[in-house]
Structures are given as structure tokens and as C-alpha cells.
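Structure, as C-alpha cells:
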Amino acid sequence: MSEPTVDVVGIGNAIVDVLTHCSEEDLARLELVKNSMTLIDADRADALYGEMGPGIEMSGGSAGNTMAGIAALGGKGAYIGKVRDDQLGEVFRHDIRAMGVSFDTKAASEGTSTARCLIFVTPDGHRTMNTFLGACTELGPNDIDAELIKSAKVTYMEGYLWDRDEAKEAFVLAAKIAHEAGRQVSITLSDSFCVDRHRESFRDLVHNHVDILFANEDEIKSLYEVETFDEALSEVRRHCKVAALTRSEKGSVIVSGDNVIEIAAEPVNRVVDTTGAGDLFASGFLFGYTQNYDLATCGRLGSICAAEIISHMGARPDADLKELCKDAIPA
135 MSEPTVDVVG
145 IGNAIVDVLT
155 HCSEEDLARL
165 ELVKNSMTLI
175 DADRADALYG
185 EMGPGIEMSG
195 GSAGNTMAGI
205 AALGGKGAYI
215 GKVRDDQLGE
225 VFRHDIRAMG
235 VSFDTKAASE
245 GTSTARCLIF
255 VTPDGHRTMN
265 TFLGACTELG
275 PNDIDAELIK
285 SAKVTYMEGY
295 LWDRDEAKEA
305 FVLAAKIAHE
315 AGRQVSITLS
325 DSFCVDRHRE
335 SFRDLVHNHV
345 DILFANEDEI
355 KSLYEVETFD
365 EALSEVRRHC
375 KVAALTRSEK
385 GSVIVSGDNV
395 IEIAAEPVNR
405 VVDTTGAGDL
415 FASGFLFGYT
425 QNYDLATCGR
435 LGSICAAEII
445 SHMGARPDAD
455 LKELCKDAIP
465 A
């Protein structure tokens, strides 16, 4: 078996993020559910975009953010996702490549336009996302590059893909290819509402196809339909090789069999925008994991990256992640 040449290949929804600040009253007026990710159609996307104030537009998507973070840490990453051959599609392709991530999935030449996520950030830093998937919905098994999957130490997928059957098929195929090549498979559950929609199939995926699971406290409790975090912890440790569970200001818990490691949250002067916190936690953790660092170090790297991302607007790092993480990396 050949040695891997890529640390992580991410599979996700290729989305251009549009972020703006708003008030709690704005959320109520626009009938938005705080902290949720809601799928919307083109008409709703146009209407909400018209209500947004000045903001930031950048390439995004959960797995795309994670891959950008891995590249910023010095890891070698690649990405599989679908865009249209339009202006936003080119913006996405240019941006993610400029971050140092390989992205060669062929653009769609017909159909809907490149996806966008309209993100409303309240004064407490929490984000409410409204996503028009557009060309993302065309990602399917034919877009899975088998040789790329075989070349990666870890194949990583975002749970948001689970809303479509073709995307499910694509990831199950990728997981099979990865495992047959002796590689590992990872997923982030992405959103508790997403878990609610697909609980049984998520459980099957986690129990039978996933080595490394990422979830926040709400998501893991939803997955196992339990009331407390400790109950969820007891369940997940029986089904995953590694689970990395984030708890906001309570830090995170890394569990692997009987090994339970608590990681403190990194201090942040002011929480500006929580968009991408989980994505960048996964960046730090997977970077450490693919460099064969111990699980405590992996969790610390994830915590540092998450803290950096919530200190400013947007889900891509502003600061030098290598510099921020250097003291946490073993000599």
C-alpha cells in the first residue's frame, strides 16, 4: 500500500458566505430561528439578501472552512465540492486554492447557480444561517475522486450533505474507498436540526462508517436522544474510535474507548462571531491527528483555532495559526 500524500480531503457544500451584523429584533422580524441553519429557496435567498446590511462575502461552507484551517496550520489538504461555472463559483475556487487547498472538482455547466449562505450575527456573537444550496445539490458519486480519497490519511465530511440522497451515496462511497485503502473516515454532525432530520441514518453512518466524530453538545445529545451530556458520552464511546465533542465556553471532551480527556476553552477577549468555530476546531484537531500527536494535543490545537475564529467576523483565520499553535505542538 502506498504512503498517503494528503493529510485530509474534505467533502462538503461549496458555499459563498455572506455575513452581516443584526439585532435580536431583526431575527424576530425576519422570522429567523437563532443559531439554526435553515435551507431556503432562491426567492427567500433574494429576499433575505435584500434585508442584509453591510457585510462580508467570502468562500465558505463547513468542510471548506476546515480545509482552509488545516492549510493555514501547514497541513496538506484537498477538497471535493460542487460549484457552477459562474462568478461566485470562480470566487470560491480561487479563494480556497489561494488558501493552499487543492480543489479540482469539475464545475457544473448548467443548472442552478453557486450556493450561498446568508449569515446574521447577533451582538452576542451567535450566528443564524440561511442557505441556498444551488449547485451544491449536484454533488454525487461521480464527483468522488477515488485516487484522491486513497491518497488521504483522513476523509472528512460535513453532516449538512446528509440532506440529499446523492450526497449520502457519495460519502458512503468515499468512506468505502478510504477504508479499503486502510485510511480513516471522519464526519462532523454540523447542526442539531440536521441531526433531528436524519437521526437514524446518522447513527448507522457513525456506527458503521466513521472513525472520528465531531459534534457539539446539542448535536450529540440529539443523536442519542438523551437529556444529559454524560449520557451522550456513554453512548458515543461505544461506537466511535475517537469522538471530539465541543461544549462552547466549557471547552471540549475527547473520548476514545476508556480514555476521556477534558480540554479547557481558550480565553477570548471578546466573542465577535461564532461562525466556523466548530469547523476550525476540526481543523486543529485533524491537523494534530494526521501529524500523530496525542489526543490531548489535538484537542488543544482545536481549541486554539476555534478561539481565533470567534474573535472576528468570518470563518477563515485572520491571525497566523502556526504562530498561535506553536507552543501547543510537541517539540
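My numbering runs 134 ahead of the 1-based position in the sequence shown. Virtual Cβ for every residue (Gly too), placed ideally from N, Cα, C.
The alpha helix (DSSP H) enclosing residue i, as first and last residue numbers
i: M107; result: Past the boundaries of the shown model lies residue 107; the chain is included only from 135 to 465, so the question cannot be answered.
i: V340; result: R333 to H343
i: G370; result: Here residue 370 turns out to be Val, not Gly, going by the sequence shown. Start and end: F363 to V370.
i: S417; result: A411 to T424
i: I311; result: D299 to E314
i: L295; result: Careful: L295 lies outside any alpha helix (DSSP H) and carries neither H nor E.
Whole-number beta carbon distance between residue j and residue i, since they are thought to touch under 8 Å
i: I443; j: G418; result: Going by Cβ atoms, the distance from I443 to G418 rounds to 10 Å, so no, they are not a contact pair.
i: K375; j: D345; result: 5 Å
i: K210; j: A148; result: Contact doesn't hold; Cβ gap of about 19 Å is too wide.
i: S368; j: A378; result: Their Cβ separation, rounded to whole angstroms, is 16 Å, which puts S368 and A378 out of contact at 8 Å.
i: G473; j: F415; result: Residue 473 lies beyond the range of the chain shown here (135 to 465); nothing can be said about it.
i: I311; j: A280; result: 5 Å
i: I321; j: I278; result: Contact doesn't hold; Cβ gap of about 15 Å is too wide.
i: C251; j: V152; result: 7 Å
i: T154; j: V255; result: 7 Å
i: V360; j: R317; result: About 31 Å; that fails the 8 Å criterion.
i: C328; j: G293; result: 5 Å
i: H313; j: H341; result: The pair is not a contact, with the Cβ atoms about 14 Å apart (cut-off 8 Å).
i: H332; j: A309; result: With a Cβ gap of about 16 Å, H332 and A309 do not count as contacting.
i: E353; j: R381; result: That pair is no contact at about 11 Å.
i: G194; j: V167; result: Contact flag wrong, Cβ pair sits at about 20 Å.
i: L420; j: V142; result: 5 Å
i: V389; j: V370; result: 7 Å
Residues bridged to residue i [DSSP beta-bridge criterion]
i: G144; result: Y213 and Y290
i: D220; result: Per DSSP, none; premise fails for D220.
i: A242; result: R218
i: G433; result: Answer is none; G433 lacks a bridge partner.
i: F237; result: Y213
i: R163; result: Answer is none; R163 lacks a bridge partner.
i: N350; result: T380
i: S320; result: Y290 and I346
i: S390; result: N393
i: S445; result: Paired residues: none, contrary to the question.
i: I190; result: L153
Own chain, CB closer than 7 Å to residue i, minus 5 neighbours either side, in chain order
i: F305; result: I145, M291 and L295
i: P464; result: Y427 and T431
i: S243; result: D219
i: G422; result: T431, C432 and L435
i: S285; result: P138, T139 and V140
i: D330; result: S356
i: T408; result: G259, H260, R261 and I444
i: S136; result: none
i: R337; result: L357
Residue range of the unbroken beta strand (DSSP E) whose run includes residue i
i: C251; result: A249 to V255
i: I463; result: Where I463 is concerned, there is no enclosing beta strand (DSSP E), given that its DSSP letter is neither H nor E.
i: I395; result: N393 to I397
i: D151; result: I149 to H155
i: I174; result: Counting along the chain, I174 falls outside any beta strand (DSSP E), and DSSP gives it neither H nor E.
i: V360; result: Per DSSP, V360 belongs to no beta strand (DSSP E) and is neither H nor E.
Contacting residues, own chain, Cβ-Cβ under 6 Å from residue i (five flanking each side not counted)
i: D452; result: H446
i: V405; result: G259 and I444
i: L267; result: A249
i: E396; result: V387
i: S236; result: A212
i: A398; result: G385
i: M186; result: T154
i: A206; result: P451 and L455
i: M233; result: A202 and A205
i: D325; result: M171
Contact set for residue i: own chain, Cβ-Cβ below 8 Å, skip 5 residues either direction
i: D413; result: S196, A197, N199, T200, G203, T322, I443 and A449
i: A462; result: T431, R434, L435 and I438
i: E383; result: A399
i: N393; result: L429
i: S157; result: T256 and P257
i: L182; result: L164, I174, L252 and N264
i: N169; result: H260, R261 and T262
Of all the beta strand (DSSP E) runs that stay within the bounds of the segment 259 to 291, which reach a length of 3 or more residues?
Counting whole runs of 3 or more residues, the segment 259 to 291 contains the beta strand (DSSP E) stretches 261 to 266.
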